[in-house]
Amino acid sequence: MLRRRHSFAYNLIIFILAQLVWLAVLLLWIYWYVSNNIIFEQVGEKVAPQIVYDAPSVFPFVGGIVLLTGLSVSLVLIFRHLNIQIKLNALYDNFIANVTHELKSPLSSIQLYLETLNSRDVPEEKKKEFYGLMMRDAERLKNLVNSILEIASMDKKKSYRDFEVYKADETIKKIILESAEQFQLNADSIKFSGDAGCDILLDRSSIKTVFDNLVDNSIKYSINPLKITVRFKRNAKKAEIEFSDNGIGIPNDQIKKIFQKFHRIYDKDIPNVKGTGLGLYVVREIIKNHKGKIAAISEGKGKGSIFKIELPIYVAKDKSTKEKKKDLK
Amino acid sequence: MSSESMIETSILLVEDEENLAHGLEYNLTEEGYKVSLARDGREALKLFDENEFDLIVLDIMLPYFNGFEIAKHIREKHPQMPILMLTARTQVEDRVKGLELGADDYLTKPFHLKELLLRIKGMLKRKSWYQKVVIENPVYKFGNNEINFENLKCTKGKKDFQLTSYEAMIMKYLIENKDKVVTRKELLENVWNMNPDIETRTVDNFIVRLRKHFEDDPSDPKFIVSVRSAGYMFQV
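Chains as they are written, first to last, in this note's numbering: chain E, 2 to 330; chain R, 3 to 238.
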């Protein structure tokens with residue numbers, strides 16, 4: 002919302018400036034016309050020496066051209082920004098529709114189970130099953146609300162406060178296994194390899210969100226039994242985590258767009274239509290906040306996706322660093 | 003209805019939300035319906051093409067084929083199949099699109115279980131009434147019009163056209179009550195099963211459409227006439 006208002010004010014200022022420029026041009030050209038043509042022709046030879054002395058000045062002519070150029074540049078800017086605005090509005094509307102859907106689905110499921118329990122004689126065993134399903138729906142609602150709130154704090158550039166030093170491989174592995182458990186994914190479907198053997202500075206809960214979103218995407222966008230492979234590597238300054246799956250992959254023209262806010266791929270062959278278009282945007286913002294980088298690689302549709310994450314290696318600096326080294330073992 | 007209900011009523015439930023689908027399946031089965039569940043558009047079309055169903059409960063946002071596409075496919079093959087659309091989308095355009103493509107009813111999420119079950123019951127009741135009267139008299143002629151109530155195909159002079167299931171039901175109801183005044187309320191109760199979302203103006207809109215189909219001069223109707231402050235009457 003804030004961004005929308007900001008760009009509206011921006012457009013308005015450019016528009017007002019363009020109008021002022023236009024007005025100035027008009028006045029200048031009138032002045033030029035009056036001084037050079039009308040007076041010159043009507044007064045004629047009588048005051049000929051003065052006219053020759055006063056006009057035609059080069060200043061209004063050049064000034065007019067400069068201002069006219071300014072006017073057209075401003076108009077181009079207005080057009081560009083308006084265009085962006087319109088695109089943003091369309092994305093935003095789409096986002097609202099998606100969020101509505103995402104909120105209403107678990108809500109209607111919870112309502113359905115509550116009404117069922119209230120109006121029917123449900124056997125004990127079924128009751129337990131229904132409670133479990135309702136809890137899962139409540140969890141889904143909680144996650145969605147959290148991710149929306151996270152976006153709001155990201156837009157305000159609020160920084161993370163809970164940075165601590167962790168062992169890269171162990172912690173990331175643990176986080177990914179936690180995500181897998183949360184999505185009821187069999188631990189056997191995830192394989193780990195390689196070794197980064199270094200420390201990194203992490204805000205654990207937001208890195209958990211990163212892998213929650215990546216695991217969730219892998220589940221949503223795969224048709225065959227899911228296989229996730231996580232490889233750890235390191236170079237001089239960075240720890241590298243390569244998260245790959247055997248899902249439906251990403252079309253080439255979408256690779257860069259998938260990290261944009263609200264962006265979603267609409268394709269007939271995609272096995273899932275759920276989502277808000279926030280997941281990968283949140284992922285990228287969190288990685289950026291860790292001074293790291295993320296890139297997506299896919300050989301195309303049906304060939305799986307790879308997310309390459311680079312995080313700076315943490316090297317302890319004498320007394321100035323207050324972070325506690327934390328071994329999760 | 004009673005003879006109909008002896009045979010198990012079969013419902014195709016198309017819903018990709020795992021939890022919701024499970025809850026709906028449980029409730030519909032408890033009500034005595036035989037439920038087949040499709041979790042995406044492809045599965046829905048496959049199940050529909052391979053089996054006989056009495057009613058379809060259809061979500062809109064689905065993988066592969068959306069609910070609108072599925073409704074269109076169903077209508078082409080089976081013009082009278084009752085379709086209840088179930089969706090989280092509340093925009094008027096979605097509603098209009100759904101009803102135009104032949105959904106008979108529309109319920110937005112979250113919904114009340116009782117209301118869903120009542121609507122399904124109503125739709126099945128209408129279907130069995132319609133089938134009963136159609137078996138007795140599948141083709142009806144009046145003026146230069148001919149209506150086939152089985153496949154909903156009509157001819158007016160040399161012009162062929164297709165009725166929607168609602169248009170056919172209203173027409174059938176009016177013809178059944180030939181030369182009698184039928185009130186809007188009566189039509190609402192019997193054709194729409196008093197769906198609270200349907201306003202009396204909807205009845206009038208349908209009448210306008212039917213007049214365009216069957217009257218030589220829709221502004222001066224000869225068959226479907228208005229009876230002031232009462233309703234409509236079919237006469238030949």
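Beta carbons: idealized from backbone N, C-alpha and C, even for Gly.
No experiment lies behind these values; they were computed from the predicted model shown.
**OP:** Look at the alpha carbon of Q93 (chain R) and the alpha carbon of V100 (chain E), and state the distance between them as a whole number of angstroms.
**Re:** The straight-line gap from Cα to Cα measures roughly 14 Å.
**OP:** Consider the Cβ of H102 (chain E): report whether some Cβ of chain R lies at a distance smaller than 8 Å.
**Re:** So yes, H102 (chain E) belongs to the interface.
Subject >> Span of the beta strand (DSSP E), counted from its first residue to its last, around S228 (chain R) >> reply: The continuous beta strand (DSSP E) containing S228 (chain R) extends over residues I226 to V229.
Original post:
Considering only C-alpha positions, which residue in the set E:A91, E:I208, E:K143 and E:K257 is nearest to S299 (chain E)?
Top reply: For the options E:A91, E:I208, E:K143 and E:K257, the alpha carbon positioned closest to that of S299 (chain E) is the one of E:K257.
Subject >> For G233 (chain R), the three-state DSSP class (helix, strand or coil) >> reply: In the three-state scheme derived from DSSP, where H, G and I count as helix and E and B as strand, G233 (chain R) is classed as strand.
Subject >> Those runs of the alpha helix (DSSP H) which lie wholly inside the stretch 192 to 261 of chain E and span at least 4 residues >> reply: Correct list: 205 to 221.
**OP:** Please specify which runs of the alpha helix (DSSP H), each continuous and at least 4 residues long, are wholly inside the stretch 14 to 77 of chain R, giving them in chain order.
**Re:** The qualifying runs are 20 to 32 and 43 to 52.
Original post:
Does the beta-carbon of A46 (chain R) have 16 or more other beta-carbons within 10 angstroms, so that it is buried, or is it exposed?
Top reply: Around the beta carbon of A46 (chain R), a 10 Å sphere encloses 16 or more other beta carbons of the protein chains shown; the residue is thus reported as buried.
Original post:
Which of the three DSSP states, helix, strand or coil, is assigned to V184 (chain R)?
Top reply: If DSSP states are grouped into helix, strand and coil, V184 (chain R) belongs with the strands.
Original post:
If we ignore side chains and look at the alpha-carbon of each, how far apart do K330 (chain E) and S106 (chain E) end up?
Top reply: Reliability fails at K330 (chain E), whose pLDDT of 37 lies under 50, so the model's placement of it is uncertain and the value that follows must be treated cautiously. Each residue's alpha carbon lies about 39 Å from the other.
Original post:
P65 (chain R): buried (16+ other C-beta within 10 angstroms of its C-beta) or exposed?
Top reply: Per the 10 Å Cβ criterion, buried.
**OP:** Use the C-beta contact count for T172 (chain E): other C-beta atoms within 10 angstroms, 16 or more gives buried, fewer gives exposed.
**Re:** By the 10 Å Cβ count, T172 (chain E) comes out buried.
**OP:** Specify whether the stretch 72 to 88 of chain R and the stretch 40 to 55 of chain R touch according to this definition: at least 3 beta carbon pairs, one from each stretch, less than 8 Å apart.
**Re:** In short, these stretches touch, since the Cβ pair count reaches three.
Original post:
Using the beta-carbon of each residue, which ones in chain E are nearer than 8 Å to R91 (chain R)?
Top reply: Result: A98, T101 and H102.
Subject >> chain R contact for L113 (chain E) (CB, 8 Å cutoff) >> reply: At least one chain R Cβ lies under 8 Å of L113 (chain E).
Original post:
With DSSP run on the structure shown, which of helix, strand or coil describes E311 (chain E)?
Top reply: The answer is strand: DSSP assigns E311 (chain E) an E or B state.
Original post:
Taking just the CA atoms, how far does I14 (chain E) sit from S38 (chain R)?
Top reply: For S38 (chain R) and I14 (chain E), the distance between alpha carbons rounds to 60 Å.
Subject >> Status (buried if at least 16 other CB within 10 Å, exposed otherwise) for I85 (chain E) >> reply: Taking all protein chains in view, the Cβ of I85 (chain E) is surrounded by fewer than 16 other Cβ atoms within 10 Å, so the residue is classified as exposed.
Original post:
Taking Cβ-Cβ distances below 9 Å as the criterion, which residues of the stretch 68 to 91 of chain E are in contact with chain R?
Top reply: Residues passing the 9 Å Cβ filter: none.
Subject >> Beta carbon proximity, G25 (chain R) to chain E, threshold 8 Å >> reply: Interface residue, yes.
**OP:** Just confirm the distance between the C-beta atoms of L215 (chain E) and F244 (chain E), as a whole number of angstroms; I'd bet it's less than 8 Å.
**Re:** Indeed, because the Cβ distance is near 5 Å, the residues count as touching under 8 Å.
Original post:
At least one CB of chain R closer than 8 Å to the CB of D138 (chain E): is that the case?
Top reply: At least one C-beta of chain R is nearer than 8 Å to the C-beta of D138 (chain E).
**OP:** Per DSSP, which residues does M87 (chain R) bridge with? Please list them.
**Re:** Checking the DSSP bridge columns, you'll see M87 (chain R) partnered with R:L60 and R:Y108.
Subject >> Where A317 (chain E) falls: helix, strand or coil (DSSP) >> reply: DSSP places A317 (chain E) in coil when its eight states are reduced to three.
Original post:
Taking the Cβ atom as the reference point for each residue, do R91 (chain R) and H102 (chain E) lie within a distance shorter than 8 Å?
Top reply: A contact, by the Cβ cut-off of 8 Å.
Subject >> Local conformation of E103 (chain E) per DSSP, three classes >> reply: In the three-state reduction of the DSSP assignment, E103 (chain E) falls in the helix class, which pools H, G and I.
**OP:** Mind listing the chain R neighbours of R121 (chain E)? Cutoff is C-beta to C-beta under 7 Å, in chain order.
**Re:** Neighbours of R121 (chain E) on chain R, chain order: E32.
Subject >> Reduced DSSP secondary structure (H/G/I, E/B, other) of F163 (chain R) >> reply: Correct three-state label for F163 (chain R): strand.
**OP:** For F233 (chain E), count neighbouring Cβ atoms within 10 angstroms of its own Cβ and tell me buried if that reaches 16, exposed if not.
**Re:** That one is buried.
Original post:
Starting from T157 (chain R) and walking both ways along the beta strand (DSSP E), at which residues does that stretch end?
Top reply: T157 (chain R) -> beta strand (DSSP E) spans K155 to K158.
Original post:
Does DSSP put K302 (chain E) in a helix, a strand or coil?
Top reply: Coil at K302 (chain E), not helix or strand.
Original post:
Does any CB atom of chain E fall closer than 8 Å to the CB of E19 (chain R)?
Top reply: Taking CB atoms only, E19 (chain R) has a neighbour in chain E less than 8 Å away.
Original post:
Under 7 Å Cβ-Cβ, which residues of chain R neighbour L18 (chain E)?
Top reply: Taking the beta carbon of L18 (chain E) as reference, no residue of chain R falls within 7 Å; the closest one sits roughly 38 Å away.
Original post:
Would the stretch 188 to 200 of chain E and the stretch 120 to 139 of chain E be scored as touching if the rule is three or more Cβ pairs under 8 Å?
Top reply: With the cut-off at 8 Å, the stretch 188 to 200 of chain E and the stretch 120 to 139 of chain E do not touch.
Original post:
Looking at E178 (chain R) and V135 (chain R), is the spacing between their C-beta atoms short of 8 Å?
Top reply: For V135 (chain R) and E178 (chain R), yes; Cβs fall inside 8 Å.
Original post:
Is N150 (chain R) helix, strand or coil by DSSP?
Top reply: Strand, per DSSP.
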